[in-house]
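Colleague:
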Amino acid sequence: MIRSIVSIILILLSALTIEAQELYEIPKGVSTSWASFENASAAKGSGGKENKGAKGHPFDRIPAGESLDLLNIEGSGTIKRIWLTISDRSPMMLRALTIKMFWEGSDKPAVAVPLGDFFGIGLGQKTAFESKLFSDPEGRSFNCFIPMPFKKSARITITNESDKDLDAIFYDVNLLKENHEGELFYFHAYWNREKNTKLGEAFKILPKVEGKGRFLGTNMGLVTHKLYKDTWWGEGEVKMYIDGDSNFPSLVGSGTEDYVGTAYGQGTYDHMYQGSLVADKKQGAFAFYRYHIPDPVYFYKDIKVIIQQMGGAPRDVVRKLVEDGADLIPVTIDHAPNFTKLFELENPSNLMDENFPNGWTNFYRSDDVSATAYFYLNKPYSKLPQLQSVQLRTEDLINAEVIKNDL
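End of the sequence shown sits at 407 in UniProt numbering; the numbers just go up one at a time, nothing left out.
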């Protein structure tokens with residue numbers, strides 16, 4: 001048992017860190033390959049053949065409703081980096097384009113995510129940033145540095161589910177051809193959106209997944225409901241149910257902005273493991289991420305990750321929200337030195353009652369929430385739901401031109 005635990009830790013750590021070797025050391029039996037439109041097969045000596053080598057195929061097009069392979073190879077190896085850019089980077093196109101990844105010949109994808117959300121920022125937005133797993137130097141490109149191992153085959157596709165042709169896509173997938181022995185952990189990504197979360201029910205960042213692996217983290221997008229005005233939306237706690245947890249989780253935080261490393265509100269920043277790339281109070285638009293690299297989250301049987309949909313404001317502000325038609329459920333009141341837990345009271349008073357405590361009132365709320373979850377699993381596919389329809393993915397998106405980050 002101890003040997004098994006040590007083995008999985010070593011394998012997963014090596015998958016997310018630079019290999020423990022000097023830059024001048026060359027590993028045995030490993031070769032470097034690049035896949036691009038100039039060498040789609042990533043085969044040795046097969047690059048740049050078109051137009052007699054004079055930049056004959058640097059990009060391609062994806063007509064509406066069609067798909068294109070970025071990678072489709074046989075053999076064993078590890079994808080180390082993916083770069084691409086596209087001519088149309090509007091929120092609609094970034095949500096209508098989907099990226100899918102298939103391992104070991106499976107017909108069920110391990111990754112099925114809207115293109116923009118996959119590359120580290122939600123809401124179909126683009127902005128310059130850098131994290132440990134993704135980057136966009138100037139707001140015009142997409143970079144992914146997550147290692148993705150496979151033993152028999154790997155395939156990456158882009159599908160244009162919009163009603164517009166994509167005039168140009170450029171890309172390269174950088175990989176090492178190398179043999180993998182023993183148990184392998186495959187890269188997975190899952191995306192989910194709820195336009196109106198159910199009052200009192202947590203949003204599922206990652207529904208229950210069975211198997212052994214590692215949760216890498218998430219990037220999320222949130223658009224607040226107008227009836228809550230500009231009140232604080234981020235009191236919800238992230239909870240992780242691991243290895244048989246049922247009613248209560250093993251891992252739980254203290255609030256949304258706490259989970260992504262800041263406190264007492266949330267502005268914009270981009271750090272290696274945590275960041276908030278969109279924070280527009282006027283539009284009610286927020287996009288943020290947290291990656292569990294220095295603080296790994298391992299699971300050996302199963303995992304489920306959720307986040308509560310909860311906000312907070314002073315009592316009288318909350319009362320005014322209700323009077324104006326907002327649907328909410330009070331949860332706790334911080335009226336120092338007391339902290340009243342309303343769900344533990346035998347006879348809790350109504351928010352509008354004269355004796356309701358006067359203090360900061362946390363409450364369940366309903367907003368438009370979406371998230372991409374990243375994880376490794378000891379299977380090339382999972383039983384997670386299929387990617388949601390393009391109609392749901394693109395409905396009521398905020399135009400990037402109106403987003404103004406509050407610094």
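C-beta: ideal position from N, C-alpha, C; glycine also.
1) Which partner residues of K177 appear in the DSSP bridge assignment?
2) Are at least three pairs of beta-carbons, each pair with one atom in the segment 151-170 and one in the segment 62-73, less than 8 Å apart?
3) Please report how far the alpha carbon of D69 lies from the alpha carbon of I156, in whole angstroms.
4) What I want to know is whether the C-beta of L175 ends up closer than 8 Å to one or more non-hydrogen atoms of the ligand PLP.
5) For the segment 56-123, which segments carrying the beta strand (DSSP E) assignment without a break, of at least 3 residues, lie completely within its bounds, in sequence order?
6) Distance, Cα to Cα, M148 vs T340?
7) Closer than 7 Å by C-beta to K80: which residues in its own chain qualify, once you throw out the five before and the five after it? Chain order, please.
8) Pair every Cβ in the segment 248-266 with every Cβ in the segment 317-333, then say whether three or more of these pairs are closer than 8 Å.
9) Between which residues of its own chain and V252 is the CB-CB distance below 8 Å, once the five residues before and five after are set aside?
10) In the DSSP assignment, the alpha helix (DSSP H) including L351 goes from what residue to what residue?
11) By how many angstroms is the C-alpha of A336 removed from the C-alpha of A326?
12) Can you confirm whether G124, when its beta carbon is compared against all beta carbons of chain B, has any partner nearer than 9 Å?
13) For G311 and F363, I'd like the C-alpha separation in whole angstroms.
14) Taking contact to mean at least 3 C-beta pairs separated by less than 8 Å, is the segment 380-398 in contact with the segment 299-314?
15) Is the segment 277-295 touching the segment 195-211 in the sense that three or more CB pairs, one from each, lie closer than 8 Å?
16) Do residue 426 and Y381 have their CB atoms nearer than 9 Å?
17) Contact defined as beta carbons within less than 8 Å: I believe A110 pairs with H188. What is the distance between those atoms, to the nearest angstrom?
18) Taking the beta carbon of N347 as the centre, do at least 16 other beta carbons fall within 10 Å, making it buried, or is it exposed?
19) Find out if the Cβ-Cβ distance for the pair V209, L123 is shorter than 9 Å.
20) Tell me whether D230 sits in a helix, a strand or coil according to DSSP, three-state version.
21) What three-state label does DSSP hand G53 in the structure shown?
22) Taking 8 Å as the cut-off, does the segment 128-141 touch the segment 41-60 (at least 3 CB pairs, one atom from each stretch)?
23) At which residues does the beta strand (DSSP E) containing Q274 begin and terminate?
24) Quick one: Cα of F37 to Cα of N72, how far?
25) For T394 versus Y190, is the C-beta distance shorter than 9 Å?
26) My output table needs one value for F248: the three-state DSSP class, helix, strand or coil.
27) Does the Cβ of W360 have 16 or more other Cβ atoms within 10 Å, making it buried, or fewer, making it exposed?
28) Quick check: Y289 and G275, are their CB atoms within less than 9 Å of each other?
29) Under 9 Å between the Cβ atoms of N219 and D367?
30) Can you tell me the Cα-Cα spacing of E344 and V318, whole angstroms?
31) Taking just the CA atoms, how far does K229 sit from S46?
32) CA-CA distance, N350 and F356?
33) So, is E183 buried or exposed, given that buried needs 16 or more other C-beta atoms within 10 angstroms?
34) Can you say whether P91 is buried or exposed, counting buried as having 16 or more other CB atoms within 10 angstroms of its CB?
Modeller: According to the structure shown:
1) Paired residue(s): S31 and G77.
2) Counting C-beta pairs closer than 8 Å gives three or more between the segment 151-170 and the segment 62-73, which meets the contact rule.
3) The straight-line gap from Cα to Cα measures roughly 6 Å.
4) Although the ligand PLP was asked about, the structure shown includes no ligands whatsoever.
5) When DSSP assignments are scanned along the segment 56-123, the uninterrupted stretches of beta strand (DSSP E) that are 3 or more residues long and fall wholly within it turn out to be 60-62, 67-74, 77-86, 97-103 and 111-114.
6) Using only the alpha carbons, I get a separation of about 47 Å.
7) Closer than 7 Å at Cβ, skipping near neighbours: P147, N174, L175 and L176.
8) Taking 8 Å as the limit for Cβ pairs, the verdict is that the segment 317-333 does not touch the segment 248-266.
9) For V252, where only same-chain residues beyond five positions count, the Cβ hits under 8 Å are E237, V238, K239 and M240.
10) From DSSP, L351 is part of no alpha helix (DSSP H); its letter is neither H nor E.
11) A326 and A336 have their C-alpha atoms some 26 Å from each other.
12) Of the protein chains in this structure there is only one, and it is not chain B.
13) Cα to Cα, G311 sits roughly 5 Å from F363.
14) Because the criterion of three Cβ pairs below 8 Å is not met, the segment 380-398 and the segment 299-314 do not touch.
15) No: the two stretches stay apart, fewer than three of their Cβ pairs being nearer than 8 Å.
16) The question about residue 426 has no answer, for the chain in this structure spans 1 to 407.
17) Confirmed, Cβ separation roughly 5 Å.
18) It counts as exposed.
19) Cβ atoms of V209 and L123: not closer than 9 Å.
20) DSSP places D230 in coil when its eight states are reduced to three.
21) G53: helix per DSSP, three-state reduction.
22) Touching, no, given that fewer than three Cβ pairs across the two stretches are closer than 8 Å.
23) Where Q274 is concerned, the enclosing beta strand (DSSP E) stretches over Q274 to D280.
24) Going by C-alpha positions, F37 is about 12 Å away from N72.
25) The Cβ-Cβ distance between T394 and Y190 does not fall below 9 Å.
26) DSSP, read as helix, strand or coil, puts F248 in coil.
27) Classification of W360: buried, given that the 10 Å Cβ count is 16 or more.
28) It is a contact, given that the beta carbons lie within the stated cut-off.
29) The answer is no: Cβ separation not under 9 Å.
30) Each residue's alpha carbon lies about 20 Å from the other.
31) S46 and K229 have their C-alpha atoms some 58 Å from each other.
32) One C-alpha to the other measures close to 7 Å.
33) When all chains shown are included, E183 counts as exposed.
34) Counting Cβ neighbours within 10 Å, P91 comes out buried, since at least 16 surround it.
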